[in-house]
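K.L.:
My structure is below; once you've seen it, I'll send some questions.
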Amino acid sequence: MAYDTFLKIGAEVEVTSPDHTLRGTLFPAKIVGKGSVDTKFLVEYTTLEAQNDDGERLREEVELVLLRPLPPRERNYAFSFGDNVDAFFGGGWWEGAITEILDGSKKFGVYFRFAKQQFEFGKSCLRLHREWVKGNWVPPLLEKNVSVTEEAKARTRSKLHEGTRVEVCSDEDGLQGAWFAATIVKVVGKDTFLVQYETLKTEDETEFLTEEADRKNMRPYPPEAVKGFKLNDKVDALYNDGWWEGVICKVLRGGRYRVYFEGTGDYMNFDPSELRPHQDWIDETWVMSSQL
359 MAYDTFLKIG
369 AEVEVTSPDH
379 TLRGTLFPAK
389 IVGKGSVDTK
399 FLVEYTTLEA
409 QNDDGERLRE
419 EVELVLLRPL
429 PPRERNYAFS
439 FGDNVDAFFG
449 GGWWEGAITE
459 ILDGSKKFGV
469 YFRFAKQQFE
479 FGKSCLRLHR
489 EWVKGNWVPP
499 LLEKNVSVTE
509 EAKARTRSKL
519 HEGTRVEVCS
529 DEDGLQGAWF
539 AATIVKVVGK
549 DTFLVQYETL
559 KTEDETEFLT
569 EEADRKNMRP
579 YPPEAVKGFK
589 LNDKVDALYN
599 DGWWEGVICK
609 VLRGGRYRVY
619 FEGTGDYMNF
629 DPSELRPHQD
639 WIDETWVMSS
649 QL
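Structural data, given as structure tokens:
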């Protein structure tokens with residue numbers, strides 16, 4: 359599907375919330391009109407009500423970069439431990455990981471990194487997590503009753519050993535969503551590692567910070583990608599010792615770029631050396647983000 363084919367009046371879409379307290383949440387909606395500027399659309403949410411007593415659905419203008427089409431759903435998909443999923447509650451889809459299989463695979467424990475908690479869901483409230491990348495869904499629709507294989511998971515485990523360079527996503531307030539470069543110092547347990555950061559230091563600033571990190575908050579260090587940015591490209595920006603996901607909203611004079619961070623609603627200017635193309639670690643593969 360080409361990227362712009364779903365941007366029509368009446369099209370069903372999902373909207374990424376720009377509210378930092380709801381970061382990453384996807385809400386189903388329908389496009390009901392054009393926005394006040396070319397980069398915005400008027401949407402009506404399917405599950406959210408307006409703040410009045412009429413019971414009307416919430417309508418608001420949203421940026422193009424926050425829209426994507428409805429993802430496909432597999433039939434008879436066999437969820438398994440470690441699968442990245444979206445769970446539906448509170449009117450939206452929230453990204454998490456299956457950490458427990460319950461009641462003969464009728465229920466699943468899903469851990470949400472943003473909340474640092476696990477909740478139980480029935481199968482009907484779960485779907486495989488997907489990213490909208492260059493007009494295609496990643497991973498693609500699985501036609502058979504399959505899930506991530508144990509062999510694939512074993513390959514991931516084998517990549518994480520002493521001396522491996524990784525990136526770690528922090529759960530601390532104010533740092534959520536940022537990735538920090540580190541090196542595995544020691545394998546503590548099956549899913550726990552002692553890492554030393556490359557940029558974060560101890561409180562007394564005398565040495566680089568060393569702490570335990572959980573596998574679900576880690577990924578391999580991304581490979582170098584060809585640089586060259588344009589308007590609406592998704593990028594990672596180096597700020598406060600970590601990489602933060604944003605979108606180029608303006609190309610400035612002198613080769614600099616203005617970046618919008620939807621997680622916080624902030625705008626900042628960066629040199630090209632402080633940016634890299636945004637990539638997602640999906641199904642054991644680095645995937646370049648869509649160029650919106």
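Add 358 to the 1-based position in the sequence shown for the numbering used here, that's all there is to it.
Ideal Cβ placement from N, Cα and C applies to all residues, glycine included.
Looking at the unbroken beta strand (DSSP E) that takes in THR404, where does it start and where does it end?
P.N.:
THR404 -> beta strand (DSSP E) spans 398 to 407.
K.L.:
I'd like to confirm the pairing. Which residues does DSSP put opposite LYS544 in its beta bridges?
P.N.:
LEU552.
K.L.:
Could you check if LEU610 is buried or exposed, using at least 16 other CB atoms within 10 Å of its CB as the buried criterion?
P.N.:
LEU610 comes out exposed.
K.L.:
According to DSSP, what are the bridge partners of CYS527?
P.N.:
Per DSSP, TRP537.
K.L.:
Drop a sphere of 10 angstroms on the beta-carbon of VAL395, count the other beta-carbons inside from all chains shown, and report buried for 16 or more, exposed for fewer.
P.N.:
With fewer than 16 other Cβ atoms within 10 Å, it is exposed.
K.L.:
Which of the three DSSP states is assigned to GLY391 in this structure?
P.N.:
Note: GLY391 maps to strand in three-state DSSP.
K.L.:
Output the distance between the C-alpha atoms of ASP629 and LYS464, rounded to the nearest integer angstrom.
P.N.:
The straight-line gap from Cα to Cα measures roughly 50 Å.
K.L.:
What would DSSP say about ARG611, mapped onto helix, strand or coil?
P.N.:
Correct three-state label for ARG611: helix.
K.L.:
Candidates GLU603, TRP639, THR643, VAL645: which alpha carbon is nearest VAL423's?
P.N.:
The option with the nearest alpha carbon to VAL423 is GLU603.
K.L.:
To the nearest angstrom, how far is it from the Cα of GLU458 to the Cα of ASN494?
P.N.:
Computed Cα separation, rounded: 30 Å.
K.L.:
I need the straight-line Cα distance from TYR579 to GLY440, nearest angstrom please.
P.N.:
For TYR579 and GLY440, the distance between alpha carbons rounds to 20 Å.
K.L.:
So is ARG523 buried or exposed if we call it buried at 16+ other beta carbons inside 10 Å?
P.N.:
So ARG523 counts as exposed.
K.L.:
In chain order, what residues of the same chain lie with their CB nearer than 7 Å to the CB of VAL420, ignoring the 5 residues before and after it?
P.N.:
Closer than 7 Å at the Cβ level, and outside the excluded window around VAL420, lie VAL373, LYS398, PHE399, VAL401.
K.L.:
Going along the chain, which residues of its own chain have a beta-carbon closer than 6 Å to the beta-carbon of HIS487, five neighbours each way excluded?
P.N.:
Contacts found: ASN442, VAL443, ASP444, GLU453.
K.L.:
Where does SER636 land, buried or exposed, given buried means 16+ other C-beta within 10 angstroms?
P.N.:
One point to set straight first is that residue 636 is His, not Ser, in the sequence displayed. Buried: at least 16 other Cβ atoms inside 10 Å.
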